[in-house]
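J.:
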Amino acid sequence: MKSKHALIALFVLALALLLAACGGASGGGDAGQGDAFEVSVKDEFTFQPDVLKVKAGEEVKITFKNTGSAPHSFVILNKGVLPDDVVGASEEEGHEMLVMEMHEVAAGQSSTETFTAPTEPGDYIFICAVPGHAQAGMVGTLTVTN
Ligand SMILES: [Cu+2]
2 MKSKHALIAL FVLALALLLA ACGGASGGGD AGQGDAFEVS VKDEFTFQPD VLKVKAGEEV
62 KITFKNTGSA PHSFVILNKG VLPDDVVGAS EEEGHEMLVM EMHEVAAGQS STETFTAPTE
122 PGDYIFICAV PGHAQAGMVG TLTVTN
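Numbering (the numbering used here), first residue to last: 2 to 147.
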């Protein structure tokens, strides 16, 4: 039993190292100089990848490629904000709920946005803000660490 747990722990550690290595490579290798990610659409209503890891307060560049066949968007919500809170909110309310907002991207197009990661560590939800899409599964997690 114990050795099995140790094996799982090792595997998780190896995975974490692998992910760290990948993040470094995509960020250009300059530690602390920000990170860059490419997110695309899979199966029409899923983000790929659906988990992004960034450091608190760093500059993050996201290129969103709409590889689906409907218009999609990429929006990061503030901590504690849920997808249902944003859909139906006024534009002014909406801005306060968001960390970053990308306008709708037509099918086959892409858009790039640079923003500053939140300074408070934790998990932030990102969604496609086209009505119904977050509910259909276009949801992901931005994990902010120190
Ligand atoms: Cu969408």
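No residue lacks a Cβ here, since even glycine has one placed at the ideal position from N, Cα and C.
For clarity, every value in this text was computed on a predicted model and none was experimentally measured.
Please tell me whether, using a cut-off of 7 Å, the distance from the CB of Val76 to the nearest non-hydrogen atom of ligand 1 is below it.
T.: No; taking the cut-off as 7 Å, the Cβ of Val76 has no heavy atom of ligand 1 nearer than that.
J.: Leaving out five residues before and five after Pro84 in sequence, what residues of the same chain have Cβ atoms less than 8 Å from its Cβ?
T.: Answer for Pro84: Leu78, Ile126, Ile128, Ala135, Gln136, Val140, listed in chain order.
J.: Mind checking who Thr64 pairs with in its DSSP beta bridge?
T.: Paired residues: Glu39, Thr113.
J.: From the DSSP output, read off the bridge partner residues of Gln49.
T.: Note: Gln49 sits in a beta bridge opposite Ser41.
J.: If you follow the alpha helix (DSSP H) that Val87 is part of, which residue opens it and which one closes it?
T.: Residues 84-87.
J.: Pull up the distance between the alpha-carbon of Ala26 and that of Glu92, whole angstroms please.
T.: Here the model assigns Ala26 a pLDDT of 40, short of 50, so the residue's position is not dependable and the matter cannot be decided.
J.: Would the beta-carbon of Ala107 fall within 8 Å of that of Pro72?
T.: Contact: yes.
J.: I'd like the list of long-range same chain contacts for Val76, defined as Cβ closer than 8 Å, with 5 residues on each side in sequence excluded.
T.: Excluding residues within five positions, the ones whose Cβ falls inside 8 Å are Val87, Leu99, Met101, Glu102, Met103, Phe127, Ile128, Cys129, Ala130.
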